[in-house]
Amino acid sequence: MSLTAVASAWTRRRFIKGYSSVTSPLTNLLRNKPKALAWTPAATCAFQTIKQAFTTAPLLVHPDPELPFIVEVDASTTGVGTVLSQQQGNPRKFHPCTFFSRKLNPAEMNYDIRNRELLAIKLTLEEWRHWLEGAKHPFTILTDHKNLEYLRAANKLNPRQARWALFFTRFKFTISYCPGSKNVKADALSRLYSPDIANDDPEPILPEKLFASPLSWSEDTLPKPDARPGCPLGLQFIPRSHRTSLIHSTHASLGTGHPGIKGTLSLLQQRFWWPRMTVDQKIRSGMQGVCHV
Numbered sequence: 001m002s003l004t005a006v007a008s009a010w011t012r013r014r015f016i017k018g019y020s021s022v023t024s025p026l027t028n029l030l031r032n033k034p035k036a037l038a039w040t041p042a043a044t045c046a047f048q049t050i051k052q053a054f055t056t057a058p059l060l061v062h063p064d065p066e067l068p069f070i071v072e073v074d075a076s077t078t079g080v081g082t083v084l085s086q087q088q089g090n091p092r093k094f095h096p097c098t099f100f101s102r103k104l105n106p107a108e109m110n111y112d113i114r115n116r117e118l119l120a121i122k123l124t125l126e127e128w129r130h131w132l133e134g135a136k137h138p139f140t141i142l143t144d145h146k147n148l149e150y151l152r153a154a155n156k157l158n159p160r161q162a163r164w165a166l167f168f169t170r171f172k173f174t175i176s177y178c179p180g181s182k183n184v185k186a187d188a189l190s191r192l193y194s195p196d197i198a199n200d201d202p203e204p205i206l207p208e209k210l211f212a213s214p215l216s217w218s219e220d221t222l223p224k225p226d227a228r229p230g231c232p233l234g235l236q237f238i239p240r241s242h243r244t245s246l247i248h249s250t251h252a253s254l255g256t257g258h259p260g261i262k263g264t265l266s267l268l269q270q271r272f273w274w275p276r277m278t279v280d281q282k283i284r285s286g287m288q289g290v291c292h293v
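Residue 1 is where the sequence shown starts when you use full-length UniProt numbering, and the numbers rise one by one after that.
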């Protein structure tokens with residue numbers, strides 16, 4: 001029953017603000033064609049919201065061709081959003097007639113702000129041409145890009161703008177500036193396709209588990225005996241029984257890259273010490289067990 005309601009709502013999705021976001025918990029249930037539906041509290045909330053949209057008196061009104069239209073447009077870096085409205089009722093109040101939004105393709109995302117706002121107007125006129133072309137009254141387009149007010153007086157247009165301007169001549173409208181703080185409906189629609197806010201902390205290139213074992217071995221497993229005579233200050237003495245395993249770990253560690261004998265010895269000397277360390281044959285024999293290069 002719930003999925004049937006979603007299917008019915010889909011035919012009226014343009015009249016339900018934020019339809020895709022509201023129904024996403026329900027549509028996610030059908031992703032990858034599951035054999036059994038795992039109903040969630042989020043799906044219940046989405047279903048109740050859809051029911052509310054059908055049973056509550058809507059704010060939308062049917063367009064009246066005898067009245068002038070107001071078109072609110074806005075463009076973000078990822079999409080465009082527009083609202084078609086009229087003043088209806090007694091007393092007269094602005095009511096939305098329908099909503100429209102569309103994601104920009106990669107080429108359109110490269111447009112500058114002026115061309116994105118112009119694109120929003122073009123897409124709007126194409127979407128609602130059956131209402132706006134030949135309308136009884138000239139309609140008003142509200143945009144938060146003030147320079148568009150002078151579009152028809154511009155002396156220089158690039159080829160794309162010239163094509164759009166020719167298309168605009170089929171409609172009778174004026175462009176008025178509306179501050180972004182007041183153009184909230186179209187602005188919200190244009191940002192439907194914005195990516196999620198990225199985490200400030202970048203993901204590590206290598207998973208943490210690759211480093212956990214060597215670190216825990218170095219800190220927790222190594223013995224910490226008292227300093228032996230002759231051991232330099234700041235270095236740790238390694239007893240004979242632990243030297244081979246330490247050589248193995250140092251040479252094969254993910255961060256060292258399998259250095260040669262001199263490289264391994266240099267790494268060991270930075271933190272550890274034992275007598276006759278520089279001529280200890282354990283370093284050579286210990287490396288042969290882990291590296292065949």
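We treat Cβ as the ideally placed atom computed from N, Cα and C, and that holds for glycine.
task = Kindly indicate which three-state DSSP category PRO25 falls into: helix, strand or coil?
result = Three-state result, PRO25: helix.
message = Can you give me the C-alpha to C-alpha distance between THR82 and ILE175, rounded to a whole angstrom?
response = Cα to Cα, the separation comes out at about 14 Å.
task = Mind reading off the beta-carbon distance from GLU117 to PHE100? Whole number of angstroms is fine, and I expect it under 8 Å.
result = With 8 Å as the limit, GLU117 and PHE100 do not qualify as a contact, their Cβ atoms being about 15 Å apart.
message = Buried or exposed, going by whether 16 or more other CB atoms sit within 10 Å of the CB of MET1?
response = Note that MET1 scores 44 on pLDDT, short of 50, meaning its location in the model is unreliable and no value can be drawn from it.
query = Using CA coordinates, which residue listed in ALA46, VAL73, GLN270 is at the minimum distance from PHE139?
reply = PHE139 has its Cα closest to that of VAL73, out of ALA46, VAL73, GLN270.
query = Under three-state DSSP, which class holds ARG276?
reply = In the three-state DSSP reduction, ARG276 falls in the coil class, being neither helix nor strand.
ask   = DSSP state of PRO91, grouped into three classes?
value = Looking at PRO91 - three-state DSSP - the assignment turns out to be coil, as it is neither helix nor strand.
key: Selection from HIS242, LEU142, PRO65, PRO106 that minimises the alpha carbon distance to ALA135   = Answer by Cα proximity: PRO65.
query = Hey, THR124 and CYS178: beta-carbon distance below 8 Å or not?
reply = Not in contact: THR124 and CYS178 (Cβ atoms no closer than 8 Å).
ask   = Between the Cα of ALA120 and the Cα atoms of THR78, THR44, MET277, which residue gives the shortest distance?
value = Measuring C-alpha to C-alpha distances from ALA120 to each of THR78, THR44, MET277 identifies THR78 as the nearest.
inquiry  = Please report the straight-line C-alpha distance between ALA46 and LEU30, rounded to a whole angstrom.
reply    = In a straight line, the C-alpha of ALA46 is about 14 Å away from that of LEU30.
ask   = In this structure, what does DSSP give as the bridge partners for LEU84?
value = Answer is VAL71, THR98, bridged to LEU84.
ask   = THR169: which of LYS156, ASN158, VAL71, ARG129 sits nearest, CA to CA?
value = THR169 has its Cα closest to that of ARG129, out of LYS156, ASN158, VAL71, ARG129.
inquiry  = Considering just the uninterrupted stretch of the beta strand (DSSP E) at THR40, what are its terminal residues?
reply    = Counting along the chain, no beta strand (DSSP E) covers THR40, and no H or E run does either.
Residues near GLN161 by beta carbon distance below 7 Å, same chain, minus five either side = Here the set comprises LEU118.
request  = Quick one: using the 10 Å Cβ neighbour count with 16 as the cut-off for buried, is VAL279 buried or exposed?
outcome  = The residue is exposed, with fewer than 16 neighbouring Cβ atoms inside 10 Å.
task = State the beta-bridge partners of GLY79 as determined by DSSP.
result = LYS103, per the DSSP bridge assignment.
message = By the DSSP assignment, the beta strand (DSSP E) with ILE238 in it spans what residues?
response = Element bounds for ILE238: n/a, residue is neither H nor E.
request  = Return the first residue and the last residue of the alpha helix (DSSP H) that PHE168 is part of.
outcome  = Where PHE168 is concerned, the enclosing alpha helix (DSSP H) starts and stops at 159-168.
LEU37 classed as buried or exposed, judged by whether at least 16 other C-beta atoms fall within 10 angstroms = Exposed is the label assigned to LEU37, since fewer than 16 other Cβ atoms lie within 10 Å of its Cβ.
task = If I'm right that ILE238 touches TRP274 with Cβ under 8 Å, what's the distance once you round it to whole angstroms?
result = Confirmed, about 5 Å.
query = What's the gap between the Cα of ASN155 and the Cα of ALA107?
reply = Approximately 25 Å between the Cα atoms of the pair.
task = Would you kindly work out how many angstroms separate the C-alpha atoms of PHE94 and SER85, rounded to a whole number?
result = So the two alpha carbons sit approximately 6 Å from each other.
request  = Would you kindly work out how many angstroms separate the C-alpha atoms of GLY230 and ILE205, rounded to a whole number?
outcome  = ILE205 has its alpha-carbon roughly 42 Å from the corresponding atom of GLY230.
inquiry  = Are the CB atoms of ASN147 and ARG114 within a distance shorter than 8 Å?
reply    = Yes, the Cβ-Cβ distance between ARG114 and ASN147 is below 8 Å.
task = With distances taken Cα to Cα, identify the nearest neighbour of TYR150 among LYS103, PHE173, PRO232, TRP131.
result = Nearest C-alpha to TYR150 among LYS103, PHE173, PRO232, TRP131: PHE173.
request  = Can you have a look at THR264 and say buried or exposed, based on whether 16 or more other CB atoms are within 10 angstroms of its CB?
outcome  = THR264 is buried by the Cβ-count criterion.
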